[in-house]
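Mapping of the sequence shown onto my numbering: residues 3 to 802, in sequence order.
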Amino acid sequence: MDKKLEGLSSSDVAARVARGQVNVDASVKTRSIKQIVVSNVCTLFNAINLILACFVFITGSYKNMLFMIVIVCNTAIGIIQEVRSKRTTDRLSIIASSKVDVMRDGARQEISVDEVVLGDIIVLGRGDQVPSDSVVVHGTCDVNESLLTGESKLVRKEAGSELMSGSFVNAGTVYAQVTHVGADNYAAKISAEAKEHKAVNSEIMNSLNGIIRFVSIIIFPLGAILFAREYFTGAYIELNDAILSSVAALVGMIPEGLILLTSTVLAVAVVRLSRSKVLVQQLYCIETLARVDTLCLDKTGTITTGKMEVDRVVTLGDCDEGEANGAFYSIADADEDPNETAQAIIDYYQDVIPQPGAVRHSRRRTKPSDRSVKKYGIERVIPFSSDKKWSGAVFEGGASYVMGAAQFVLGKDYATVKNRVEELAQNARVMVLARVDGFDDEGRIAGRPQPLALIAIKDQIRSTAAQTIQYFIEQGVDLKVISGDDPRTVSGIAQIVGIPHADAYVDATTLLSDAALENAATCYQVFGRVTPEQKKKLVLALQKEGHTVAMTGDGVNDVLALKASDCSVAMAAGSDAARNVAQLVLVNNDFASMPKVVAEGRRAINNLQRSASLFLVKTVLSMVLAVCFIILPWQYPFQPIQMTLISAFTIGLPSFVLALEPNKDRIKGKFLVNVIVRSLPGSITAILAVLGLNIVSYTTLGLDYAQVSTMCVLVTAWVGLLLIVRLSFPFTPIRAALIVVVIGGVILGSTVFPSLFGIEPFTQSMVVAFAVAAAIAVPVFNLLYQAFGSWHAKRQEELV
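Here's what the structure looks like:
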């Protein structure tokens, strides 16, 4: 045995292990479960509510602490979602194989991948995945690097060639020396970047966090001033009363249920999408995809299935169709270890030749008839090699044929078929069939090849690709195809599926600077020969221009771009790396599922915008009233438990019902602006009604605090009902039933559980005052709703 193939000695291995030169997983680790729990529990939002709950606890009025149920649910959902994401990310492993053969002490032995050391001689055969970056020292093989580079063609490797970790050996056997281990491997470097924590890009989440930050700044100073005014001025002797009224004001400012509603609505969307074979790995990506204006598509696995198929067979001159078909099929099937091109030819013809005991499948019109296909016996086979770019065979009877790249087969006679080859090569790989006199002892062609036919082999395009592409075009989404393949091939496929301006393509190997790449990002629709790093830079360049970018892919070469995009989508049949780093995984590997995701995102966002306005009514109402009652001489008219009654029936229940209804309208405007505009009419009307009741009750009717508080609670619920009615247009059976339940719930809480919610029996004066306030609230609310609605619609038209 060659000395260099004997491998390392046991002492060499031990020395390398001692130096840490072992192929262990040294990639970036995700946060621990403890860190996740701490980060979700120890938040400013939770701290504010906990402090308020402690104040209520001091008073002994435990029923007023019910608002903490929502806080606990919020925290639990956050922890569960992040732990689930952590476990998914921790499974990220580009290297899938667990065992590998190595040469040590002159003998071949099987070891675990994580036991490979620097300098090991590994033995790789067909189907093996390369566990570490290596250099071939003996033998030849064809390697599939498509998951790493995006290039679908097999790459020939021989002595001195580099093997990248994560690639697969398609044919042949080689001995290779390991050059990198652990974190230094190509695959490990991609894994490390893929595992790095990335902040969620969600307008809804950012809006909610902005509201919470704003409330956090003003809540305690405002609460302290309100408490001091009510207690230390001597107007109210009881400390507990002052605490409860102050806490009620502060609790009302926090839209705690809105966060729970958002998580719940998106969780429901996850369940719905799972029924359509779509796995959602990050809740807020549903919203992001619905807002996407630029979609970057990877060709292989997204537009195409990743398989090759014969497109057509074209005979030349007076060649008989039967001779051409039989020769193509026989040569391809003669190879004991066919590559993907030969396999595509075999599959093409096997569909039309009945196999013993096989069920006959229907076939396309372009396939030859049974009479035109005959498999010839083989006397001699000249196997394919990457050097000569062709394979050949001598059939029984002495006829000899070659099949391969036309330029290499025909040589100087290539000009006779050049135009036809280039025409077919617009979107396919083309090979020529030629009759020859025979082959010499070394397998070289004897005589002058006579071209008989051409066979075009193309990427298998998904049957639903064109329809899905058309959907995104209609939605105004800009489409870009980014691939590691030849840009001409990618452009041809993009044109077939209907991508606009697909003839505008560029070879990424010509983009030698970041500036050139950024310029190309806006000028071209199709990018070929793109490296993984360039894919990422293209996504970043589009984001720099203000676009919301989604990226689809299935290979390791797509991981960096998937991680950088606003919304990442992977095929389940792709690499583990792409599948685990993606926010959405198409379990059925069907790009046609994308419109369902967009539709689900629109339903969630549009309905959330509508429902969120109910929550902000309470927030704005509480803030303004807190300021007003610092100035006014009366006690703040609500207690925490009363805000719970209002939240449950006029906010919580209707918001959940409205948020789960169908809604496929296009998303318009900013989330926060849309929500505030819808909430202001109700907020202003409720503020005016509460202030009016306090002024009249205390100055004219002589009512006490409990009576005033009762009217304020019910008039606020009434205004909430007015907003629900407007948001429910046009009415449906579900919306009509919702209004009935809302009214019934408030009445039930007020009559059956009056002591729980602090509701006092109505006197004649209270009935009159409440009726007047409720009657005046109707035209005021409608006038404000129309005014704000008209202003908002006009503003959106100006923005468009």
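No residue lacks a Cβ here, since even glycine has one placed at the ideal position from N, Cα and C.
Check: Does the stretch 627–641 come within contact of the stretch 304–321, defined as at least 3 CB pairs closer than 8 angstroms?
Finding: no
Margin query: For V72, which residues in the same chain have their Cβ closer than 6 angstroms to its Cβ, ignoring the five residues on either side in sequence?
Written below: E258, G259, L262
Check: Roughly how many angstroms separate the alpha carbons of G576 and N327, rounded to a whole number?
Finding: 33 angstroms
Notebook entry, point to check: Which first and last residues belong to the alpha helix (DSSP H) in which L120 is found?
Noted result: Careful: L120 lies outside any alpha helix (DSSP H) and carries neither H nor E.
Note to self: Can you find the residues in the same chain that come closer than 8 angstroms, C-beta to C-beta, to L513, ignoring five residues on each side of it along the sequence?
What the structure shows: L519, A522, Q536
Checklist line | Cβ-Cβ distance between M1 and T304 below 8 angstroms | finding: Only positions 3 to 802 of the chain appear in this structure, which leaves residue 1 out of reach.
Notebook entry, point to check: Alpha carbon to alpha carbon, what distance is there between V583 and E289?
Noted result: 18 angstroms
Check: Is the beta carbon of V176 sitting closer than 8 angstroms to the one on R128?
Finding: no
Check: DSSP on N211, reduced to helix/strand/coil?
Finding: helix
Notebook entry, point to check: Which stretch, first to last residue, makes up the beta strand (DSSP E) that contains F170?
Noted result: 170–180
Notebook entry, point to check: Using DSSP with H/G/I as helix, E/B as strand and the rest coil, what is T368?
Noted result: Residue placement at T368 cannot be trusted, given a pLDDT of 48 that sits under 50; what the coordinates show is reported in the next sentence. Coil at T368, not helix or strand.
Notebook entry, point to check: Considering only residues of the stretch 485–562, which uninterrupted beta strand (DSSP E) runs meet the minimum length of 3 residues and lie entirely inside it, listed in chain order?
Noted result: 507–509, 528–530, 551–555
Notebook entry, point to check: Could you give the distance in angstroms between the alpha-carbon of D592 and the alpha-carbon of T45?
Noted result: 40 angstroms
Check: Using 8 angstroms as the threshold, is the stretch 462–475 in touch with the stretch 398–409, meaning 3 or more CB pairs across them?
Finding: no
Next item on the list: Take every Cβ of the stretch 485–499, pair it with every Cβ of the stretch 331–350, and state whether three or more of those distances are shorter than 8 angstroms.
Entry: no
Next item on the list: Take the Cβ of K796 as the centre, count every other Cβ of all protein chains shown within 10 Å, and call the residue buried at 16 or more, exposed below.
Entry: exposed
Item checked: Terminal residues of the beta strand (DSSP E) in which G576 lies -> From DSSP, G576 is part of no beta strand (DSSP E); its letter is neither H nor E.
Notebook entry, point to check: Given F410, which residues of its chain have a CB within under 7 angstroms of its CB, disregarding the five upstream and five downstream residues?
Noted result: K390, K391, W392
Item checked: Distance between S218 and V629 (C-alpha atoms, nearest Å) -> 16 angstroms
Note to self: Which residue wins for smallest C-alpha separation from K538, given the options G548, E547, N559?
What the structure shows: N559
Checklist line | the stretch 765–782 contacting the stretch 687–707, beta-carbon criterion three pairs below 8 angstroms | finding: yes
Check: Can you tell which of G500, V396, V483 has the C-alpha that lies nearest to the C-alpha of E476?
Finding: G500
Check: Is the number of C-beta pairs between the stretch 643–654 and the stretch 53–72 that are closer than 8 angstroms three or more?
Finding: yes
Notebook entry, point to check: Is the CB-CB distance between P133 and I124 below 8 angstroms?
Noted result: yes
Next item on the list: Return the chain-ordered list of same chain residues with a C-beta closer than 6 angstroms to the C-beta of V626, the five sequence neighbours on each side being excluded.
Entry: I689
Check: Would A566 be called buried (16 or more neighbouring beta carbons within 10 Å of its own) or exposed?
Finding: buried
Check: For the putative contact between T470 and M553, defined by C-beta atoms under 8 angstroms, what is the C-beta separation to the nearest angstrom?
Finding: The pair is not a contact, with the Cβ atoms about 16 angstroms apart (cut-off 8 angstroms).
Note to self: Spatial neighbours of G722 within its chain, please: C-beta separation below 6 angstroms, excluding the five flanking residues on both sides.
What the structure shows: T652
Next item on the list: Please determine, among G684, V599, N48, the residue with the shortest C-alpha to C-alpha distance to V272.
Entry: V599
Notebook entry, point to check: Does DSSP classify E240 as helix, strand or coil?
Noted result: coil
Next item on the list: Determine the DSSP secondary structure at G22, reduced to helix, strand or coil.
Entry: coil
Next item on the list: Kindly list the residues whose CB is nearer than 6 angstroms to the CB of S163, restricted to its own chain and excluding five residues on each side of it in sequence; keep chain order.
Entry: V138
Check: Apart from the five residues just before and just after G379, which ones in its own chain have a Cβ nearer than 6 angstroms to its Cβ?
Finding: E398
Next item on the list: Starting from D320, trace the alpha helix (DSSP H) both ways and give me its first and last residue.
Entry: Here D320 belongs to no alpha helix (DSSP H), and DSSP marks it neither H nor E.
Note to self: Whole angstroms are fine: how far does the CA of D349 sit from the CA of R362?
What the structure shows: Confidence at R362 is low in this model, with a pLDDT of 37, below 50, so its placement is unreliable and the value that follows should be read with caution. Going from the Cα of R362 to the Cα of D349 covers about 13 angstroms.
Margin query: Going by DSSP, what residue range makes up the beta strand (DSSP E) through G259?
Written below: Here G259 belongs to no beta strand (DSSP E); instead the alpha helix (DSSP H) covers 258–277.
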